[in-house]
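Quick notes on the structure that follows.
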Amino acid sequence: DAPGDEETVAAPDFTVYDTDGNAVSLSDFAGKPVVVNFWATWCPPCKSELPDFEEAWKTYGDEVEFLMVNLADDRDTPEKVEAFMTDNGYEFPLYYDSEYDAAYTYGIYSIPVSLFIDADGNLSKGYIGALNAAVIESCIKEILP
């Protein structure tokens with residue numbers, strides 16, 4: 051590939067669960083840009099970027115879907131996660147990867163991971179590690195229609 055030659059890669063579908071236990075798939079948001087962030091309460095880098103994702107959601111949540119996916123393992127029960135959300139004043143859309151479908155689909159073994167998917171369902175950017183507000187905003191602007 052020549053430099054600057056970027057191929058579009060379709061973001062593989064996955065299923066996670068909302069706080070009421072309803073299955074939600076990435077494909078449910080076809081036609082809308084989507085930000086997916088994989089995190090856990092026990093992960094310091096995750097916790098460092100959550101305030102910036104909360105602000106981004108407040109700013110862009112009408113135009114972009116946010117799937118803030120908790121890697122629901124033994125360390126993060128729904129009760130613990132929801133208490134963490136309340137304690138920190140977070141209101142972003144919370145989902146659980148309780149069957150590890152998303153983690154397996156994307157080969158996630160280290161968190162946080164952030165994915166920025168355009169309205170056509172293509173993966174625009176993907177990052178492992180904590181992001182700052184400027185990077186989050188820049189990536190969101192790239193996927194806005």
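Its first residue numbered 51, the sequence shown is counted upward by one per residue in my numbering. We put the CB at the ideal spot given by N, CA and C, even for glycine.
- Here the alpha carbons of residue 96 and residue 182 stand approximately 11 Å from one another.
- Comparing alpha carbon positions, the residue from 73, 168 and 179 closest to residue 190 is 168.
- Short of 6 Å from the beta carbon of residue 92, and not among the five residues preceding or following it, lie these beta carbons of its own chain, in chain order: 125.
- A Cβ-Cβ separation of about 7 Å places residue 186 in contact with residue 103 under the 8 Å criterion.
- Here DSSP, grouped into helix, strand and coil, assigns residue 182 to coil.
- Shown here, residue 194 sits in coil according to DSSP, grouped into three states, outside any helix or strand.
- Considering only 118, 101 and 114, the residue with the shortest C-alpha distance to residue 69 is 118.
- A direct Cα-Cα distance of roughly 11 Å separates residue 163 from residue 99.
- Straight across, the Cα-Cα distance linking residue 144 with residue 128 is about 10 Å.
- Within its own chain, the residues whose Cβ lies closer than 8 Å to the Cβ of residue 90, once the five positions on either side in sequence are excluded, are 96, 120, 121, 123, 125, 126 and 161, listed in chain order.
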